[in-house]
Ligand code: HEM
């Protein structure tokens with residue numbers, strides 16, 4: 002009985018050692034690196050989305066597709082529509098009346114982001 006116990010113990014530790022030695026040779030577990038590929042749009046591409054049904058704007062360096070949001074915007078359409086297809090940071094910052102949008106407008110805006118504006122070449 003004592004002999005069986007000894008053999009079982011030795012076998013157990015041999016197995017543990019074998020697994021340990023085996024795992025040392027394995028390549029490290031693949032790291033999950035999220036590759037964030039962001040789209041970049043030129044001013045020309047932005048300008049080709051300048052209708053109420055297809056309205057993009059560039060604000061603070063990002064491009065937003067606001068087509069779905071425009072009917073919800075609280076101002077008269079004439080106030081916001083001229084900014085479709087354009088760089089509209091100043092208009093957004095001031096509501097064209099020198100007053101900033103409320104913080105929840107920023108949260109809304111974030112939902113429509115589709116990429117960044119390609120910086121103009123010098
Ligand atoms: C870039 C051109 C824009 C202009 C000129 C503009 C202008 C205005 C104006 C004049 C108002 C006041 C409306 C009223 O109370 O009668 C307003 C309100 C509002 N706008 Fe805009 N807007 C622009 C873009 C946006 C965008 C892109 C969003 C969000 C996606 C947005 C969200 C809102 C919200 C939530 C309000 C009501 C709360 C507040 O006054 O901040 N606007 N905007």
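Numbering (our numbering), first residue to last: 2 to 123.
Beta carbons: idealized from backbone N, C-alpha and C, even for Gly.
Test item: CB-CB of residue i and residue j under 8 Å
i	j	result
residue 121	residue 86	no
residue 39	residue 99	no
In DSSP terms, what residue i is bridged to
i	result
residue 56	51
residue 117	41, 63
residue 96	Beta-bridge pairing links residue 96 to no other residue.
Beta-carbon separation (whole angstroms), residue i vs residue j, contact threshold 8 Å
i	j	result
residue 61	residue 90	6 Å
residue 65	residue 114	6 Å
residue 58	residue 21	Wrong, their Cβ atoms sit about 59 Å apart, outside the cutoff.
Residue i CB to nearest heavy atom of the ligand HEM below 7 Å
i	result
residue 84	yes
residue 80	yes
residue 52	no
Buried or exposed (CB count within 10 angstroms, at least 16 for buried), residue i
i	result
residue 93	buried
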